[in-house]
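The next block holds one structure in the form of structure tokens; read it before the comments.
There are 2 protein chains.
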Amino acid sequence: VTEFAGRVDPEPFSDRLAGRVGARASQLVVGLDPDPMSLWPRAYELAESQGPGKAQTSPAARAAFAVAVHCTLVIEAVADHAVAVKMQVACFERLGAPGWAALAQTVNRARDRGLLVIADAKRGDIDVTAAAYANAYFGATPTPYGEVSGIAADGLTVNPLLGIDSLKPLVQAAREHGAGVFALVRTSNRGAADVQDRVLEKGGTVSERLAAIVHDLGREGIGSSGLSDVGAVVGATAPDRLARLRELMPEAVFLLPGVGAQGGRVEALAPALGEHPASLLISASRGIVGASAGQGGNPAKAARLEAARLQELAWNLMD
Amino acid sequence: VTEFAGRVDPEPFSDRLAGRVGARASQLVVGLDPDPMSLWPRAYELAESQGPGKAQTSPAARAAFAVAVHCTLVIEAVADHAVAVKMQVACFERLGAPGWAALAQTVNRARDRGLLVIADAKRGDIDVTAAAYANAYFGATPTPYGEVSGIAADGLTVNPLLGIDSLKPLVQAAREHGAGVFALVRTSNRGAADVQDRVLEKGGTVSERLAAIVHDLGREGIGSSGLSDVGAVVGATAPDRLARLRELMPEAVFLLPGVGAQGGRVEALAPALGEHPASLLISASRGIVGASAGQGGNPAKAARLEAARLQELAWNLMD
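Residue numbers (this note's numbering), protein chains in the order written: chain X, 6 to 324; chain Z, 6 to 324.
Here's what the structure looks like:
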């Protein structure tokens, strides 16, 4: 941290990330998108023995408890092989208030195990509202009763459709807290072609325009690692686009979802690498958490093995 | 409702909306985006006398209580002049679990007063995740402990950057519940120009491409009013674009935010009108809730007067 005139600047996100990636020799981000109907069996057992009982509480509270236990088990299983978790906020949001509490608890569990936390919320709105989301994810909300802390994420996925002024409050809040944002540039789904792949009259695709925005917004957030605090979400399912996007965003950290269940292969991702190992984060969710599906066996053991495999595959891209 | 082979189809969203707009002679949507630091004074008083005390509970719970009281007061003040409330989810989300509970309570208060509820969440994600958001806003989440109901919104704003396959689960869930979605087409902020106004090689802007998607997705959701259940968010701040967007989306309900505080003028919105009064919803937030700011006086009375004024201005567009 740098201290100047009494103000303490946090270590930039990219340097914190670079330090963790180096120390753990991992660029793996484990996605947590818990479905209450398909948690690990052990989570249901623990929820039964330790959770709130049927008599006292709502289905939402019971499900949220089981979801939080499940996420803790996944974190314990994969922590040694990952650098971050990516929490799919929708999966918590659908459980209402108890789901939101479970999200906050899971963030703390991940942090306790030395993992960075990326909130996969894909938020985006006009400036006033973006500032409210910034309070929710990076800062705190002032109230007459005291400040209400947000979930203190290390990273947040954001949707850039509303343009630069909608992103600035989020980038600024992230920067003040040593966190980062990851803007959608080219997503992993087939429908990405409908808008993002459209070619602009002045040249380049909509995705490439988004890449230029990411690059511009990141200029003032470049750490000593050479990486910026404005990253890009780029689907692992469209590897042919990676080289061009890397060219447009040389300092951005690429967060690449879609490995595994969605069909993306780590071996094809080398063009996404920048100059630093932390320039590329691969994200897998169902492929890790559901690794035992089909073959049976212990889900935690299967998840750990799959995480280790992906960790190594990604690390080998640098050879 | 239509019953067929034991299955009850809900009344389509657009017909429900059309009915309400007609009965209330109002196309006004009142935006609720509560800032805990600037609630109506009466909300703080009621929270002090009826809310949880300092000793028992957290700043978040106290702030969420005051926010819910404030929203109830606003709803009471404007209910006779509006057809719906638009709840800015970010403002509740930043208060964590208690905020989420306040959101659900406010939805119920609005419904009790005969108002439709539009959740302004601007969600958008790949299909699996979009289905999770659909559970949160329209349906319910299955869990081993019973179903967890979502907030049962009548409408949800969605971000279409991820394309058609990302919108389908939301449109489908909305349709099954007699609700609707409003996709961002051309937002009210200046930054909208950065991406949405870009011209495509094949002609038209990105916004116009989004409009075509809205039109296509809405085709199967057209009610007897001639309106569809896939609407469009079109900022009231760029009236010169309205005629072209209406041409591209003849059956869509236009939700026009940006009236008042953001500079949009109701008088300029006539080109957004389709063939039915309910084809146009104007949305004002700070302009109504903060109507007494500057001039002083009773906030509820000022809000009611401003709501009545906007209601009449909009209704007169049809002359």
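Built from N, CA and C at the ideal position, the CB exists for glycine as well.
The straight-line gap separating the alpha-carbon atoms of X/F187 and X/E256 is approximately 13 Å. Listed in chain order, the positions of the stretch 187 to 203 of chain X with a beta carbon within less than 8 Å of a beta carbon of chain Z are L189, T192, S193, N194, R195, G196, A197, A198, D199, V200, Q201 and R203. Restricted to the stretch 48 to 118 of chain Z, the beta strand (DSSP E) segments that are unbroken, complete and at least 3 residues in length are 89 to 93, listed in chain order. At a cut-off of 3 residues, the continuous stretches assigned as beta strand (DSSP E) that sit fully inside the stretch 120 to 182 of chain X are 121 to 128 and 160 to 163. The Cβ of Z/G302 sits no closer than 7 Å to any Cβ of chain X. DSSP, reduced to helix, strand and coil, places Z/L189 within a strand of the structure shown. When rounded, the separation of the alpha-carbon atoms in Z/L166 and Z/L51 is 42 Å. For chain X, the residues of the stretch 80 to 114 of chain Z that bring a beta carbon within less than 8 Å of one of its beta carbons are Q93, A95, C96, E98, R99, L100, G101, A102, P103, G104, W105, A106 and A109, in chain order. In the structure shown, the three-state DSSP call for Z/S297 is coil. Straight-line measurement puts the Cα of X/V235 at about 23 Å from the Cα of X/L205. Nearest to Z/K59 by C-alpha distance, out of X/A139, X/Y150, X/M254 and X/A89, is X/Y150. For X/E280, same chain residues with a beta-carbon under 7 Å away, outside a window of 5 residues either side, are G231 in chain order. Beta-carbon to beta-carbon, Z/G160 and Z/G185 are separated by about 5 Å, close enough to satisfy the 8 Å threshold.
By the beta-carbon neighbour count (other beta carbons within 10 angstroms, threshold 16), X/A248 is exposed. Residues of chain X whose Cβ lies closer than 7 Å to the Cβ of Z/R224 do not exist; the shortest such Cβ separation is about 16 Å. Note on geometry: alpha-carbon atoms of Z/V90 and Z/A305 lie some 16 Å from one another.
For X/R214, the chain Z residues whose C-beta falls within less than 7 Å of its own C-beta are V200 and R203, listed in chain order. The distance from the Cβ of X/R118 to that of X/I80 is about 6 Å, consistent with a contact at the 8 Å cut-off. DSSP places Z/G36 in the uninterrupted beta strand (DSSP E) bounded by L33 to L37.
In this structure, the beta-carbon distance from X/A68 to X/P41 falls below 7 Å. Put simply, the backbone Cα of Z/N140 is about 24 Å away from that of Z/V88. Legend: CB atoms of the stretch 31 to 43 of chain Z lying less than 9 Å from CB atoms of chain X belong to residues D38, D40, P41 and M42. Rounded to whole angstroms, X/Q55 and X/A102 show a C-alpha spacing of 20 Å. With its beta carbon less than 7 Å from one in chain X, Z/G151 belongs to the interface. If the five residues before and after X/A266 are omitted, its C-beta is found closer than 8 Å to the C-beta atoms of A289, S290, R291, G292 and G295, all from its own chain and listed in chain order. In the three-state reduction of the DSSP assignment, Z/I218 falls in the helix class, which pools H, G and I.
One thing to note: Z/V35 has its Cβ no nearer than 7 Å to the Cβ of Z/L286.
Sequence-distant partners of X/I131 (beyond 5 residues in either direction) whose C-beta falls short of 7 Å from its own C-beta, in its chain, are L167 and S171. Pairwise C-beta distances place the stretch 298 to 312 of chain Z out of contact with the stretch 268 to 275 of chain Z, as fewer than three of them are shorter than 8 Å. For X/L260, the secondary structure class from DSSP, reduced to helix, strand or coil, is strand.
For Z/P147, the residues of chain X that pass the 8 Å Cβ criterion are P41 and M42, in the order they occur in the chain. In the same chain as Z/V153, and ignoring 5 residues on each side of it, the C-beta atoms closer than 7 Å to its own belong to A145 and T146, in chain order. Contact note: Z/S171 reaches chain X through N194 and G196, using a C-beta cutoff of 7 Å and chain order. Between X/V83 and X/A319, the beta carbon gap of about 14 Å keeps them out of contact (Cβ cut-off 8 Å). Taking 7 Å as the upper bound on Cβ-Cβ separation, chain Z lies near residues K127, G129, D130, I131, D132 and T134 of the stretch 125 to 136 of chain X.
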